[in-house]
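For the sequence shown, this note's numbering gives the first residue as 286, with consecutive numbering after it.
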Amino acid sequence: MTWLQCAWYMAGWADEVGQAGLSRRITDKLIFFYRLADGKVAAILDRCPHRFAPLSKGTRDGDNVVCGYHGLTFSPEGRCVHNPFGERIPAGADIPIFDVAEKDGIVWLWGGVAGTSDPALLPDFSFIPNTPYSRSVRGYTLLHANYEYGTDNLLDLSHIEFVHKGTFAGQGVIFAGDHSVKTDGDTLHSNWWMPDIAPPSVAQAMFPPEAKVDHWLDMRWNAPATMRLNIGVTPHGADRQAGFEVPQAHILTPADEHSSHYFWSSTRFHDLENPEADAMLLTLFGDAFDVEDKPMIEAAYNNVKGKDFWKEKPVSLGIDQGGTRARRVLERLIAQENNAEA
Ligand code: FES
Ligand SMILES: [Fe+2]
Numbered sequence: 286m287t288w289l290q291c292a293w294y295m296a297g298w299a300d301e302v303g304q305a306g307l308s309r310r311i312t313d314k315l316i317f318f319y320r321l322a323d324g325k326v327a328a329i330l331d332r333c334p335h336r337f338a339p340l341s342k343g344t345r346d347g348d349n350v351v352c353g354y355h356g357l358t359f360s361p362e363g364r365c366v367h368n369p370f371g372e373r374i375p376a377g378a379d380i381p382i383f384d385v386a387e388k389d390g391i392v393w394l395w396g397g398v399a400g401t402s403d404p405a406l407l408p409d410f411s412f413i414p415n416t417p418y419s420r421s422v423r424g425y426t427l428l429h430a431n432y433e434y435g436t437d438n439l440l441d442l443s444h445i446e447f448v449h450k451g452t453f454a455g456q457g458v459i460f461a462g463d464h465s466v467k468t469d470g471d472t473l474h475s476n477w478w479m480p481d482i483a484p485p486s487v488a489q490a491m492f493p494p495e496a497k498v499d500h501w502l503d504m505r506w507n508a509p510a511t512m513r514l515n516i517g518v519t520p521h522g523a524d525r526q527a528g529f530e531v532p533q534a535h536i537l538t539p540a541d542e543h544s545s546h547y548f549w550s551s552t553r554f555h556d557l558e559n560p561e562a563d564a565m566l567l568t569l570f571g572d573a574f575d576v577e578d579k580p581m582i583e584a585a586y587n588n589v590k591g592k593d594f595w596k597e598k599p600v601s602l603g604i605d606q607g608g609t610r611a612r613r614v615l616e617r618l619i620a621q622e623n624n625a626e627a
């Protein structure tokens, strides 16, 4: 098993799951998410047990889903409740269901057995929903690479100087910084601290070009691949509070072994009612993640697709310590889960 089962996986942004529902492959299972009359989200296996039609291609009868092929009907609890060809419900006609939680504008799927989820384990992304003081832009892309290669990319932000030449690259400032990786239980922190530098591109509108600033990139990682990045800039020597911070979400969910859903967001605390700022940020991040990161990660993954990462003997540069530690934590958690099952 190359993924954790007992973990929360981001299934989508809450507004992706409307009345019509959303069908998404997660950990190699096609799952249908849809809204119940009370507004809660149900998640069922998107596969009819009769001839395997996707139930997402069916219709709705109240909270029940009617298969579009021959009309078997299923409740959100996974029970087959109607057979149009007789009174009897055939044996084996129930379908798997999944625990779902909705928090911070995100629909989360519990990868373990239904009824065993723990909402206390949901990572905090409370900065994402808009407030009177904040605005977020959000995006999604399908990455044709294993999700751990996406994590490697995000936990090693030194690639900014090379991959993001058209967007975030900062005239080498990352090389002026200190990189540290700390663990706090199963949470990892991979942080860059760059003191006494010229304002990086994210801060150029807020500081005169000759100013000296302190700049930080603090990345928090939780298994399986759930990350928050705080991008901060403050006048050199001042408290962090005297400057500003941009919190971002970078969350990867394995679709299958070789492809991953990549969800991202970025929150600002100024220029709130400016649709042009939204459009500019969406273009900037779209260029950075879709045009710059994605082709590089996919091409690199293509070179080792289907092979064991460690057996390919990846060279260590130190900057990749965050990604390496995340891989090790995940291996340990998956091994623990497999041992508990054995
Ligand atoms: S495939 Fe669903 S009822 Fe036949
Ligand atoms: Fe990147």
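Beta carbons are placed, not taken as given, at the ideal position from N, Cα and C, and that holds for glycine. Nothing here was measured: the structure is a model prediction, and the numbers come from that model.
*Give me whichever residues DSSP pairs with Trp395 in a beta bridge.*
Trp293
_Proximity test, Cys333 beta-carbon vs ligand 1 heavy atom, cut-off 6 Å_ = yes
*asked:* Buried or exposed for Leu440, going by 16 or more other Cβ atoms inside 10 Å?
replied: buried
*asked:* Give me the DSSP bridge partner(s) of Trp478.
replied: Asp463 and Trp501
*Distance, Cα to Cα, Val498 vs Gly457?*
15 Å
*asked:* Quick check on Gly517: does DSSP put it in helix, strand or coil?
replied: strand
_8 Å Cβ shell around Glu467 - same chain, five flanking residues per side excluded_ = Going by the sequence as given, residue 467 is Lys instead of Glu. Excluding residues within five positions, the ones whose Cβ falls inside 8 Å are Leu473, His474 and Asn476.
*Compute every distance between the C-beta of Cys365 and the non-hydrogen atoms of ligand 1, then say whether any falls below 6 Å.*
no
*Name the two residues that bound the continuous alpha helix (DSSP H) containing Pro539.*
Segment Phe529 to Asp541 is the beta strand (DSSP E) holding Pro539; no alpha helix (DSSP H) there.
*State yes or no: is the C-beta of Ser308 within less than 7 Å of the C-beta of Ser360?*
no
*Between the C-alpha atoms of Asp348 and Gly603, what's the straight-line distance to the nearest angstrom?*
52 Å
*Any heavy atom of ligand 1 closer than 6 Å to the Cβ of Ala338?*
yes
*Which ranges would you report for the beta strand (DSSP E) in the stretch 292-362 if only whole runs of at least 3 residues count?*
293-298, 307-311, 314-320, 326-330, 344-346 and 349-351
_Is Asp575 near ligand 3 - that is, is its Cβ less than 6 Å away from at least one heavy atom of it?_
In the structure shown, ligand 3 is absent; the only ligands present are ligand 1 and ligand 2.
*Under a CB-based cut-off of 7 Å, is Thr519 close to chain B?*
Here there is only one protein chain, and chain B is not present.
*Taking the DSSP output, what are the residues bridged to Tyr547?*
Thr426 and Leu537
*Out of curiosity, what's the CA-to-CA distance linking Leu618 and Asp605?*
20 Å
*Grouping DSSP H, G and I as helix and E and B as strand, with all else coil, what is Ile382?*
strand
_Could you compute how far the alpha carbon of Val350 sits from the alpha carbon of Lys598?_
49 Å
*To which residues does DSSP link Trp506 through a beta bridge?*
Leu473 and Met512
*Mapping DSSP to helix, strand and coil, what is Ser486?*
helix
*asked:* What does DSSP give as the partner residue(s) for Arg553 in the beta ladder?
replied: Arg420
_Using only the alpha-carbon positions, how far apart do Pro580 and Tyr586 sit?_
10 Å
*asked:* Could you compute how far the alpha carbon of Arg610 sits from the alpha carbon of Tyr354?
replied: 47 Å
*What's the C-alpha gap between Ala573 and Trp549?*
11 Å
*Rounded to whole angstroms, what's the CA-CA distance from Ala488 to Thr426? Just pull it up for me.*
26 Å
*Where the beta strand (DSSP E) containing Val458 begins and where it ends*: No beta strand (DSSP E) holds Val458; DSSP gives it neither H nor E.
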